[in-house]
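**Student:** First residue of the sequence shown: 92, per our numbering; consecutive thereafter.
I'd like to ask you about the structure that follows.
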Amino acid sequence: MAANDINPKLLWNPENVRDVADSIGISLGDEPLRVLAQDVEYRIGQVIIESLRFMKASNRTTLTVQDVSNAMRVLQVEPLYGYESTRPLRYGEASLGPGQPLFYIEDEEVDFEKLINAPLPKVPRDTSFTSHWLALEGVQPSIPQNPTTAETSSKDLLPKGPGANPALAALAGNDNVSFRPAVKHVISKELILYFDKIQSAILDDDPDEEKTRLRMAALESVRSDPGLHQLLPYFVNFIANQVTLRLDDLFVLRQMMELTEAIIQNPNFFLDPYASSLAAPILTCLMSNKLGGIEDGTDTVKDQYSLRELAASLLGVLATKYQKSNRQLRPKLTRTCLKYFMEPNRPPAVLFGAISGVAAAGGYEAVRILMLPNIKSFDQAVLQPLHDKGEAHKLEYEMLVSGILKAIKGAIGGT
């Protein structure tokens with residue numbers, strides 16, 4: 092009994108190990124032979140267990156060659172080549188003698204007569220060249236030659252960079268993993284010069300008639316030129332930076348809104364991917380607490396309200412024109428404006444921008460459903476206290492009332 096515990100019976104025949112050792116000129120004793128046979132038995136058991144895991148993960152009851160190959164990859168063992176098969180392998184059994192079965196893979200029998208009389212396969216097409224669009228205005232068309240969205244998203248989930256683990260990409264099926272540097276957007280020198288000229292012309296606040304005519308010509312060029320699509324992301328970034336950094340300059344803010352209007356009116360621009368980016372500076376000009384410098388004159392206040400009216404009209408154009416390509420844009424803009432409208436402690440100019448924004452972005456339905464039920468409480472919380480402050484806030488009171496009346500009039504006309 093003790094001898095059986097010391098030398099357990101092996102499932103793997105040690106003679107197979109001896110045959111392999113003899114074939115490469117190695118002579119093994121009984122003890123090394125038994126140890127190697129135990130190790131072979133353990134390794135084969137590992138491969139079988141891992142293969143069964145892949146089979147169960149695939150919801151199959153038949154073990155395939157691919158399961159074994161995947162198991163060997165997981166165990167960091169080079170897989171066997173030349174044994175791939177898309178059908179389950181069938182094994183036959185032959186007897187070499189009493190108690191000595193021999194298992195072999197049954198080959199599929201082929202009838203030569205059927206093979207000869209079978210119709211010939213179609214002749215492959217000749218080598219040819221064709222062209223297709225990789226992207227149109229930054230949007231990839233859905234054609235068979237381009238990768239699908241699922242393939243692109245799966246690649247985006249993989250880690251990238253010099254420190255990424257290539258094993259993760261290999262497990263995902265990407266055997267040829269390579270890291271390429273980012274491609275720089277290259278535009279012609281003529282377009283760079285044009286962009287610089289447009290910037291300098293628009294930001295020039297000289298009241299001279301010639302300078303004013305140059306500003307108008309620059310905006311008209313952006314509004315109608317068909318060859319500026321490469322400059323579109325630069326224009327969007329330029330507008331966002333100027334609005335963020337120059338909130339104390341009403342002239343610059345108005346010029347940025349007029350440039351935005353010119354971009355929207357250009358029929359050659361594909362603005363769908365940039366609608367949300369353009370909405371951000373428009374909302375800033377519409378509902379910022381303070382626009383312009385420290386001057387508090389009547390003309391300055393009127394210019395602020397005029398700028399907010401222009402921003403509201405642009406917001407309405409964006410919400411209406413691009414609601415089909417971006418279904419979340421219009422509700423998002425309306426909710427943002429409504430949030431400011433429901434906060435009566437905001438400055439009157441901000442409340443005016445919120446009212447104009449709800450009416451422009453949401454339309455008559457938003458005014459009827461969201462604004463009209465709150466007009467009475469808005470009057471008690473904002474309009475009446477503002478009216479009681481006297482002449483100092485008369486202009487702000489009048490602008491708020493006119494903004495509400497304009498929104499209600501538009502809602503009545505829309506119905």
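Glycine included, C-beta positions come from ideal geometry on N, C-alpha and C.
Please report how far the alpha carbon of Gly-454 lies from the alpha carbon of Thr-375, in whole angstroms.
**Tutor:** Going by the C-alpha atoms only, they are around 20 Å apart.
**Student:** What does a CB cutoff of less than 6 Å around Leu-262 pick up in its chain, not counting 5 residues either side in sequence?
**Tutor:** Unreliable positioning characterises Leu-262 in this predicted model, as indicated by a pLDDT of 46, which lies under 50. The coordinate reading is nonetheless provided below. Cβ neighbours of Leu-262 beyond the five flanking positions: none.
**Student:** State the CB to CB distance for the pair Val-449 and Met-462, rounded to an integer number of angstroms; the pair is presumed to be in contact (CB under 8 Å).
**Tutor:** Rounded, the Cβ-Cβ distance is 6 Å, consistent with contact.
**Student:** Using only CA atoms, which one of Pro-438, Leu-429, Glu-456 and Arg-459 lies nearest to Ile-446?
**Tutor:** Nearest of Pro-438, Leu-429, Glu-456 and Arg-459 to Ile-446, Cα basis: Leu-429.
**Student:** Just reading off the alpha helix (DSSP H) that Gly-407 is part of, what are its end residues?
**Tutor:** Per DSSP, Gly-407 belongs to the alpha helix (DSSP H) from 389–412.
**Student:** Taking only the alpha-carbon atoms, compute the straight-line gap between Asp-202 and Asn-237 and give it to the nearest angstrom.
**Tutor:** One C-alpha to the other measures close to 42 Å.
**Student:** How many whole angstroms separate the CB atoms of Met-347 and Tyr-431, which I take to be in contact at a CB cut-off of 8 Å?
**Tutor:** The pair is not a contact, with the Cβ atoms about 21 Å apart (cut-off 8 Å).
**Student:** Which one of Asn-328, Ile-283 and Asn-359 has the shortest CA to CA distance from His-320?
**Tutor:** Selected option, being the one with the closest Cα: Asn-359.
**Student:** So the beta strand (DSSP E) Glu-352 belongs to, where does it begin and stop?
**Tutor:** Note, Glu-352: premise wrong, no beta strand (DSSP E); alpha helix (DSSP H) at 341–356.
**Student:** Pick out whichever of Gly-501, Val-111 and Ala-371 has its Cα sitting closest to the Cα of Glu-421.
**Tutor:** Strictly speaking, residue 421 in this sequence is Arg, with Glu absent from that position. Nearest of Gly-501, Val-111 and Ala-371 to Arg-421, Cα basis: Ala-371.
**Student:** Looking only at its own chain, which residues have a Cβ that is under 8 Å from the Cβ of Leu-341, when we skip the five neighbours before and after it?
**Tutor:** Same-chain partners within the cutoff: Leu-382, Gly-383, Gly-384, Thr-391, Asp-394, Gln-395 and Leu-398.
**Student:** If you measure between the beta carbons of Phe-361 and Leu-322, is that distance less than 7 Å?
**Tutor:** Taking 7 Å as the Cβ cut-off, Phe-361 and Leu-322 do not qualify as a contacting pair.
**Student:** Is it buried or exposed for Leu-406, if we count other Cβ within 10 angstroms and need 16 for buried?
**Tutor:** The residue in question, Leu-406, is buried, as its Cβ has 16 or more Cβ neighbours within 10 Å.
**Student:** Would you mind listing the alpha helix (DSSP H) stretches within the stretch 126–172 that are 4+ residues and don't spill past its ends, in chain order?
**Tutor:** Here the runs fully enclosed are 156–165.
**Student:** Measuring only the C-alpha atoms, how far is Val-108 from Val-165?
**Tutor:** If I take the Cα positions, the gap works out to 25 Å.
**Student:** Residues in its own chain within less than 6 Å of Trp-103 by CB, not counting five upstream and five downstream?
**Tutor:** So the list reads Ala-128, Val-131 and Glu-132, once near-sequence residues are dropped.
**Student:** Exposed or buried, Val-458, counting other C-beta atoms within 10 Å across all chains shown (16 or more means buried)?
**Tutor:** When all chains shown are included, Val-458 counts as buried.
**Student:** Just to confirm the assignment, what range does the beta strand (DSSP E) spanning Phe-326 have?
**Tutor:** No beta strand (DSSP E) contains Phe-326, which is instead part of the alpha helix (DSSP H) from 323–336.
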